[in-house]
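Structure record follows, encoded as structure tokens.
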Amino acid sequence: MTPRAVGGQATPTRRRAGRGARPGPGGTASDEDLLAGFLNGLDADALRGLLREFATDAGIRRALLVRAAASVGTDADLAATLTASVKATLTLPRRLDRRQSTAYAAAAAALLDELEGHLAAGRADATREPLQEAAVRLRKVVMNVYDDAGLMGACCQRAADLHVRACREGAPNVLRLAKWLASFRTSSPGWPRTDLASYADLFDERAMAAYRAGIDAYAVRLSGAREWDRRMLHQLQVELADHDGDVDGAIAILRSREHPAYDEILERLDAAGRTDDALALVDQAVRAERYSARAQLRGHWLSPDAVSDHYLAAGRVDDALAFARTLLVKDPSTTSLAHLLRVGSETGTAAAQKNWATSWARDRASRSSGDVLIDWALAAGDLEEARAVALEFGAGAQWSQLSTALEETYPKDAADLHRPRLADDLRYPDTRTYPEIAERLATMLQLYARAGLADEFIAEIRGIRAQYANRPSLQLAMDAAALPR
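Position one of the sequence shown corresponds to residue 6 (the working numbering), numbered consecutively onward.
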């Protein structure tokens with residue numbers, strides 16, 4: 006069938022199949038061949054009529070309008086068409102379940118792919134407002150949908166990042182942009198991540214004044230608010246102070262919080278070359294015990310390396326070593342040990358620090374268990390030392406890790422490490438623990454079998470069955486683990 010244009014509409018008429026229409030299985034043409042044969046036979050008028058007919062569908066019409074605007078329209082035409090497409094695609098549902106959220110995120114990602122394509126083609130001024138609209142809408146959606154996989158959040162961040170790119174590659178109205186940025190950031194729940202530095206060099210004096218006015222108005226609205234609610238305001242104010250080169254102003258804001266942001270303050274003091282002030286801050290943080298090797302605490306807490314490096318740079322070797330030892334006692338992890346040994350290496354006392362740490366850990370083990378020494382030995386790959394410590398002091402909290410490490414070389418010792426936990430689990434009846442008990446017994450049996458002690462442990466298993474014959478759920482769990490009766 007071939008359409009002929011009648012009154013602007015495509016009307017089908019019969020025609021012979023074109024050369025592209027090859028028979029498919031059973032003598033019928035495939036869908037692609039039928040379509041190719043049909044389209045290849047259309048003249049220009051008929052094709053235009055067909056497209057006008059299909060353009061009555063809203064989705065197809067939007068797609069055609071976008072292509073038309075990209076081809077023959079101005080940036081304003083394309084921006085308006087793309088913005089309409091964003092609004093049609095990124096509706097604001099009240100609620101989406103997991104499946105719906107995944108589908109929504111896929112549609113959003115496809116839309117952003119299209120916008121990025123236009124941006125890459127040099128149409129920055131046409132994509133800026135659509136991306137702005139997308140960022141605003143996706144942020145609203147993220148706040149109200151199930152997004153455990155983070156797909157929607159990733160789309161939201163991508164929209165914000167592309168908006169920055171469109172602004173920097175185009176020629177935005179900087180006054181309007183500054184007002185929008187202030188509004189967007191002061192209403193932010195914390196995402197997507199945006200920063201003033203990405204936009205500041207685009208702003209003229211008037212635009213920056215408008216941005217400041219927006220932040221000042223936000224501060225007025227939050228006067229008297231709780232510390233937690235003022236977090237975003239503090240971030241925005243610190244950014245402005247950094248932009249102005251006002252180190253003291255930024256530090257004053259960072260100190261005004263309930264807990265001073267030691268790490269951020271130290272960073273600014275170091276950058277300004279204010280060595281004495283930086284050292285005084287380190288002393289203050291150490292006295293307040295606001296230091297940690299955990300990265301998630303950075304910002305408010307100092308890293309141990311920052312403390313020791315500042316002490317060493319100031320020639321305060323004794324303070325650096327004392328701090329490193331205090332850190333180890335407070336947190337006897339392999340990270341703290343490595344820190345102590347690094348400081349020792351830089352002060353020429355590595356051997357002395359290692360001896361002190363070992364002596365302290367052995368004294369601790371004599372009063373509790375050898376878990377710290379075992380942790381250090383396993384991290385160093387010294388299995389023999391770890392085993393010797395366990396035999397002398399007990400493995401404590403490191404029993405499971407040590408058991409796994411000993412399985413190949415010392416299967417009997419690996420199995421023996423399960424015994425204290427097995428005794429604890431059997432002490433009180435609890436059906437929730439029975440599958441784990443049975444699994445533990447099965448693991449121990451395998452290990453004892455490698456050590457040539459299977460018969461002895463099978464006798465123990467039968468003894469456990471006899472001792473706890475009044476726990477039918479335990480018996481069933483042991484049966485399920487194929488343990489002998």
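In this text, a Cβ means the ideal position worked out from N, Cα and C, and glycines have one as well.
In terms of Cβ geometry, residue 162 and residue 185 do not form a close pair [threshold 8 Å].
Counting only the Cα atoms, residue 204 lies some 7 Å from residue 169. Rounded to whole angstroms, residue 313 and residue 386 show a C-alpha spacing of 27 Å. Runs of the alpha helix (DSSP H) spanning 4 or more residues and lying entirely within the stretch 271-306 occur at 280-292, in chain order. Of 244, 115, 234 and 228, the smallest CA-CA separation from residue 217 is found for 244. In this structure, 447 is the residue among 435, 434, 447 and 436 with its C-alpha nearest to the C-alpha of residue 424.
Taking C-beta atoms under 8 Å as the contact rule, residue 351 and residue 307 fail to qualify, at a distance of about 18 Å.
Taking the Cα positions, residue 369 is about 8 Å away from residue 375. Judged by beta-carbon spacing, residue 329 lies within the 8 Å limit of residue 344, meaning their Cβ atoms are closer than that value. Here DSSP, grouped into helix, strand and coil, assigns residue 107 to helix. Under the three-state reduction of DSSP, residue 328 is assigned to helix. By a beta-carbon distance limit of 8 Å, residue 450 contacts residue 462. Their separation comes to about 6 Å. Unbroken alpha helix (DSSP H) runs of no fewer than 4 residues, entirely contained in the stretch 396-476, are found at 404-411, 416-421, 424-432, 439-455 and 459-472, following chain order. Less than 8 Å divides the Cβ of residue 172 from the Cβ of residue 133.
The alpha carbon of residue 252 has as its nearest neighbour, out of 483, 270 and 474, the alpha carbon of 270.
Around residue 443, the same chain offers 482, 483, 485, 486 and 488 as residues with beta carbons nearer than 7 Å, after the five sequence neighbours per side are excluded.
Residue 469 has its alpha-carbon roughly 19 Å from the corresponding atom of residue 417. Taking the Cα positions, residue 92 is about 40 Å away from residue 262. Residue 208 has its alpha-carbon roughly 14 Å from the corresponding atom of residue 174. Counting of Cβ neighbours within 10 angstroms places residue 236 among the exposed residues, the total staying below 16. Residue 284 is positioned such that its CB atom lies closer than 8 Å to that of residue 319. By the Cβ criterion, the stretch 129-148 is in contact with the stretch 81-92, since at least three pairs of Cβ atoms, one from each stretch, lie closer than 8 Å. Per DSSP, residue 193 lies in no alpha helix (DSSP H) and is assigned neither H nor E.
In terms of Cβ geometry, residue 256 and residue 239 do not form a close pair [threshold 8 Å]. With a contact defined as Cβ atoms closer than 8 Å, residue 394 and residue 382 qualify at about 6 Å. Taken in chain order, the unbroken stretches of alpha helix (DSSP H) that lie wholly in the stretch 100-177 and span 4 residues or more are 103-125, 129-147 and 156-174.
Separation of the CB atoms of residue 167 and residue 157 is rounded to 16 Å, and the pair is thereby denied contact status at 8 Å.
DSSP places residue 309 in the helix class (H, G or I) of the three-state scheme.
Judged by DSSP in its simplified three-state form, residue 353 adopts coil rather than helix or strand. Comparing alpha-carbon positions, the option among 362, 79 and 264 lying closest to residue 233 turns out to be 264.
Around the C-beta of residue 401, 16 or more other C-beta atoms lie within 10 Å, and the residue is accordingly described as buried. Residue 477 and residue 110 have their C-alpha atoms spaced approximately 50 Å apart.
Exclusion of the five residues before and after residue 160 leaves 110, 113, 114, 117 and 143 as the residues of its chain whose Cβ lies within less than 7 Å of its Cβ. Of all alpha-carbon atoms in 420, 276, 266 and 179, the one lying nearest the alpha-carbon of residue 290 is that of 266.
Taking C-beta separations shorter than 7 Å and ignoring five residues to either side along the sequence, the partners of residue 339 in its chain run 380, 381 and 384, following chain order.
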